[in-house]
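Visitor:
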Amino acid sequence: MSYAKTSRFSLIFATLASCALAACSGASSEDDTGSSSSRSTTQQAIGLNFNADYTQAPSAPLVIGETVTVAYDASRLTTCRGNANGGGPGWSISALYRVNGGPVSSVVVAGLNPDPTAKPTFALTTSGDLEMWFENNSMWGCDAFDSAYGKNYHFNVAASANAPGWVGDPQTVLSRATCDTPSRACDSDFVSMTTGFTYDTWTRQQAAIRRAYFQVWKQGVTDFDNANLWKQLDVEVHSRVGASGDFTTAYVSFDTRLGNNARFAADLTALDPFAVPGGGNGSVLTDKSKCPQFPVSYEGPTGADSIDADVQFYFTVNGTELRPADGTVFHGKYQNYAGLYAICR
């Protein structure tokens, strides 16, 4: 069993006046490991119902690309209750969930909600085992769990009908060399994407190949020279700078066929946050309004060598995600000369 307590609760309850509450259980929790954002392909969410009689079931089969709304009967979990000064609830129940043992995310399903307009809804972005459990905590430090006695609740998320048979072999190439043609990467330059990469000033100025590659197999689609491949495979990269905020989405281009697989290539230059107008790429910034509006860090003696940005990304093919094996995201360190951004320090 794996628990995760979201840090927002301590922030919410710190704003409430304290009052007495009967004895509470003190369960330990791990930190939330993060979440992802994705589009939903349906207009109406599927209900995932957790009933008062401790039964639970979805209102329809769970399929990747669908959205679910958690309907949780708060009478299932009543240990940590009490009202804050003013009469509002001093407690909150959250649904915690993850797929295939990946990152843990959460939505509030009862009690105090930091965003009263938010619905207990999330998108199914990955097929496989959807694991859920519930945490009831309060402003007085009480924690209690509804977790099927430590086993957690499990639901199968099916692949979509047009899902690829396989997506994998993520690699990157950042190289000045080309082979056979000016746009073809050399086989010796491919590096596993899971190790990350550094897109530095040399890469920006000298590299001929700056791409992220991966392969897709789908029977009857990728195993021949298919002129309709672009219609049958919706291939996208989802990226953001830093560890929070929404992902932006762009299409990924077909590169070549390798046996029965189709290889796709994403342009890493397009993900470069320093290559935007006024981003300091190649010239010293003199206007603070042009300073980066994304998270950065500085390296070297007193941070004088480079300014860095962590670009996080993953891919989807017809809604099926390609991520590292731990379910997180791929990372690229984008660098520029720190001296160009002296005005921003």
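Per my numbering, the sequence shown runs over residues 4 to 348.
Even for Gly, the Cβ is constructed at its ideal location relative to N, Cα and C.
(1) What separation, rounded to the nearest whole angstrom, lies between the Cα atoms of Gly89 and Met142?
(2) Any contact of the stretch 124-138 with the stretch 73-81, i.e. 3+ C-beta pairs under 8 Å?
(3) Helix, strand or coil for Lys221? Go by DSSP, reduced to three states.
(4) To the nearest angstrom, how far is the alpha carbon of Asp118 from that of Cys182?
(5) Does DSSP put Lys154 in a helix, in a strand, or in coil?
(6) With a CB to CB cut of under 8 Å and the five nearest residues on each side skipped, what residues in its chain are close to Gly114?
(7) What do you get for Ser292, buried or exposed, if any count of 16 or more other CB atoms within 10 angstroms of its CB means buried?
(8) By Cβ distance below 7 Å, which residues in the same chain neighbour Arg187 in space, the five residues on each side in sequence not counted?
(9) Given this structure, state the Cα-to-Cα distance separating Gly342 from Tyr301, to the nearest angstrom.
(10) Under a three-way DSSP split, which group does Trp143 fall into?
(11) Assuming contact is defined by CB atoms lying nearer than 8 Å, are Cys294 and Tyr337 in contact in what I supplied?
(12) If you run the structure through DSSP and keep just helix, strand and coil, what is Asp311?
(13) What distance in whole Å lies between the Cβ atoms of Arg84 and Phe53, which are believed to be in contact at a cut-off of 8 Å?
(14) Assuming Val320 and Leu236 form a contact by the criterion Cβ under 8 Å, report the distance between their Cβ atoms to the nearest whole angstrom.
Guide: Per the coordinate set shown:
(1) For Gly89 and Met142, the distance between alpha carbons rounds to 14 Å.
(2) yes
(3) coil
(4) 54 Å
(5) In the structure shown, the three-state DSSP call for Lys154 is coil.
(6) Ala77, Pro92, Trp94, Ser95, Ile96, Asn139
(7) exposed
(8) Thr181
(9) 10 Å
(10) coil
(11) no
(12) strand
(13) Actually they are not in contact, since the Cβ atoms of Phe53 and Arg84 sit about 18 Å apart, beyond 8 Å.
(14) 6 Å
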